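Residue numbers (the numbering used here), protein chains in the order written: chain H, 1013 to 1147; chain S, 230 to 645. Worksheet: the structure to be examined is printed underneath.
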């Protein structure tokens, strides 16, 4: 039997700064049903610069794992339709991005627009709500 | 088709008062003029909340009694949420916090509270959205993307409409400017006047702009064409009535030196006539700040102590969840969806009460859930718009449940 060497090779990790934002389509989908597939699809998503994705060998629509000291989740990666600044990723406000936001809040305000994380390609499925809440 | 009712939308803090709703058999049949968020609000959530204790369905009276017991037993309860409630419910919540000697805080604690405080303390000049519509000729969206967060902002008030002094509208009479880290949907509308800055680069950009206004050569540590800053300064100087819509991109970026905003506005207004409006999100976030200020002199993060109300970061929802509180009542919010999970997961370990019209992530772990009517759909009252204007909101259908104000007052009766 041939040995699948690939599974022993760790996918490369890259540093990324994540900025949260609002999206009217996600907001209305989640207002209607916070547990719907549409709310999940529009929330468990990171938007990246297309050239950066190419550099990191991340395909449009691929699953990626985002990890910080405070947590780790798998979300879908999408290419931005415009050129973005290097090293940035954009995620809509919600529990998926909140899973790895720092708990250090000396001024009572979380770093929602300055989240340092690692990004890597993942073969795992999108992180579910129960897993996020550790239920 | 029935005659439409003119409705004030509670989908966001714009509180659009021109929505047409068609009702048939006490159900919303059709909605006109509302944005996607407004429509989602008026049609309501798919999974409504049910009365529970320990995740088992109970009579609502039992749930209220259990909530009162939890709060009475707690040494340091926290009452949190409030931005999706009417002012009347907020006032009831403040009274309950006072009765319990509790902490009370709202989503403004980590949102636009800091900006609203500056405006309420008259450190920063502000104006109404009607002023913007009738008079504004230069509009800056700074760290804000209303096309995504407040979809009717540009069409109803800030850019597209004809106004008393702006009869030629956006085509000739208005100049829209966007300063942000990405070319947002709003930035796309500000053709040629989108200024892309790095994350955290707002304070430096603001100082550079102040230099430009004062006729000095701007200096920046990051790569940016200073000629464009000088051109922008010239546009701002010529404004007859300018307005800055401050989004969270700006607020979070300069929160550690927030007095820079008032310095910037002072500098700007030596040459021009500018006002600032915070891009508050939830429909009555600002109402909570005003109502709490009326009662305590503070806008958020309040603890009711033996010596009276006090305010500070240690009374903020986040610090309380991390270090202080031993029971939480959440009203009209979903902290497990909206706060860092490293902090909000603690809600699973302490007695938790949720008062909300809908099932949400927080209701999955709440010890007590009490359903309430949706403010602005089943419950009327008043609210304060993002610009500080008080608005009446009216119910359009009859709901089965109690209002959040009544729930809070019933809890108060049992606690007292």
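All residues carry an ideal CB built from backbone N, CA and C; glycine is no exception. Since we're looking at a predicted model, the values are computed, not measured.
N-terminal and C-terminal residue of the alpha helix (DSSP H) that residue i is part of
i: residue 377 (chain S); result: 375–378
i: residue 1045 (chain H); result: No alpha helix (DSSP H) holds residue 1045 (chain H); DSSP gives it neither H nor E.
i: residue 434 (chain S); result: 431–442
i: residue 328 (chain S); result: 316–329
i: residue 567 (chain S); result: 564–567
i: residue 463 (chain S); result: 455–466
i: residue 480 (chain S); result: 477–482
i: residue 545 (chain S); result: No alpha helix (DSSP H) holds residue 545 (chain S); DSSP gives it neither H nor E.
Sheet register partners of residue i (DSSP bridge)
i: residue 261 (chain S); result: S:249
i: residue 1033 (chain H); result: H:1104
i: residue 634 (chain S); result: Answer is none; residue 634 (chain S) lacks a bridge partner.
i: residue 472 (chain S); result: S:368 and S:504
i: residue 1143 (chain H); result: DSSP, once it has assigned bridges, lists no residue as partnering residue 1143 (chain H).
i: residue 1073 (chain H); result: According to DSSP, which records beta bridges pairwise, residue 1073 (chain H) is partnered with nothing at all.
i: residue 235 (chain S); result: S:249
i: residue 538 (chain S); result: S:533
i: residue 1054 (chain H); result: In DSSP, residue 1054 (chain H) forms no bridge with anything.
i: residue 392 (chain S); result: S:395
i: residue 404 (chain S); result: S:367
i: residue 1083 (chain H); result: H:1080
i: residue 558 (chain S); result: S:308 and S:582
i: residue 286 (chain S); result: S:281
i: residue 1027 (chain H); result: H:1130
i: residue 256 (chain S); result: S:253
Which of helix, strand or coil DSSP assigns to residue i
i: residue 529 (chain S); result: coil
i: residue 600 (chain S); result: strand
i: residue 1068 (chain H); result: coil
i: residue 365 (chain S); result: coil
i: residue 614 (chain S); result: coil
i: residue 307 (chain S); result: strand
i: residue 1022 (chain H); result: coil
i: residue 606 (chain S); result: coil
i: residue 410 (chain S); result: coil
i: residue 343 (chain S); result: helix
i: residue 1091 (chain H); result: strand
i: residue 1119 (chain H); result: coil
i: residue 621 (chain S); result: strand
i: residue 643 (chain S); result: helix
i: residue 590 (chain S); result: coil
i: residue 682 (chain S); result: This structure gives no information on residue 682 (chain S), because the portion of chain S shown stretches from 230 to 645.
i: residue 381 (chain S); result: coil
i: residue 449 (chain S); result: coil
i: residue 1059 (chain H); result: strand
i: residue 626 (chain S); result: coil
Counted within 10 angstroms of its Cβ, other Cβ atoms place residue i as buried (16 or more) or exposed
i: residue 529 (chain S); result: buried
i: residue 481 (chain S); result: buried
i: residue 1070 (chain H); result: buried
i: residue 1067 (chain H); result: exposed
i: residue 382 (chain S); result: buried
i: residue 451 (chain S); result: exposed
i: residue 552 (chain S); result: exposed
i: residue 591 (chain S); result: buried
i: residue 645 (chain S); result: exposed
i: residue 239 (chain S); result: buried
i: residue 385 (chain S); result: buried
i: residue 446 (chain S); result: exposed
i: residue 495 (chain S); result: exposed
i: residue 1021 (chain H); result: exposed
Start-to-end residues for the beta strand (DSSP E) that takes in residue i
i: residue 1130 (chain H); result: 1127–1133
i: residue 510 (chain S); result: Segment: none, residue 510 (chain S) is in no beta strand (DSSP E) and carries neither H nor E.
i: residue 583 (chain S); result: 581–585
i: residue 424 (chain S); result: 423–425
i: residue 335 (chain S); result: 332–335
Residue i: CB within 7 Å of a non-hydrogen atom of the ligand SAH
i: residue 1038 (chain H); result: Only the bare structure without any ligand can be found here, which leaves the ligand SAH out of the picture.
Residues near residue i in its chain [Cβ-Cβ closer than 6 Å; skip 5 each side]
i: residue 308 (chain S); result: 322, 326, 331, 333 and 558
i: residue 628 (chain S); result: 602 and 607
i: residue 305 (chain S); result: 553, 554 and 555
i: residue 550 (chain S); result: 572 and 575
i: residue 367 (chain S); result: 404, 468 and 471
i: residue 639 (chain S); result: 293
Cβ-based neighbour list, residue i, same chain, cut-off 8 Å, excluding 5 preceding and 5 following
i: residue 1061 (chain H); result: 1091, 1092, 1095, 1096, 1097, 1098 and 1100
i: residue 515 (chain S); result: 242, 337, 341, 345, 507, 509, 613, 614, 615 and 617
i: residue 461 (chain S); result: 406, 422, 424, 438 and 441
i: residue 1065 (chain H); result: 1071, 1072, 1089 and 1091
i: residue 457 (chain S); result: 424
7 Å Cβ shell around residue i - same chain, five flanking residues per side excluded
i: residue 1054 (chain H); result: 1035, 1037, 1038, 1041 and 1104
i: residue 294 (chain S); result: 643
i: residue 484 (chain S); result: 343
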